[in-house]
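Engineer:
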Amino acid sequence: MDEVVKDMKNPQILHSQKHINFKTQTRKSKKIGRNEKCPCGSGKKHKKCCLSRSQAPAWECI
10 MDEVVKDMKN
20 PQILHSQKHI
30 NFKTQTRKSK
40 KIGRNEKCPC
50 GSGKKHKKCC
60 LSRSQAPAWE
70 CI
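With my numbering applied, the sequence shown corresponds to residues 10 to 71, in that order.
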């Protein structure tokens with residue numbers, strides 16, 4: 010951590026090092042709109058039916 014702080018004080022070092030490339034994740038399924046019918050088949054709008062369950066953090070869905 011101390012090396013990072015030291016490098017931040019010297020911007021020339023930051024530009025000379027390689028940049029980290031991040032991979033973006035693509036959505037596997039179509040995003041469901043709040044006002045579309047719920048995919049569970051209830052006939053209700055998604056926001057009134059299962060929206061709160063679909064917005065659960067990933068670690069709760071496992």
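C-beta atoms are modelled at their ideal positions from N, C-alpha and C, and glycine is treated no differently.
1. Tell me Lys54's beta-bridge partners as DSSP assigns them.
2. By Cβ distance below 8 Å, which residues in the same chain neighbour Lys56 in space, the five residues on each side in sequence not counted?
3. Which of the three DSSP states is assigned to Arg62 in this structure?
Structural biologist: According to the data block:
1. Lys46
2. Arg43 and Asn44
3. helix
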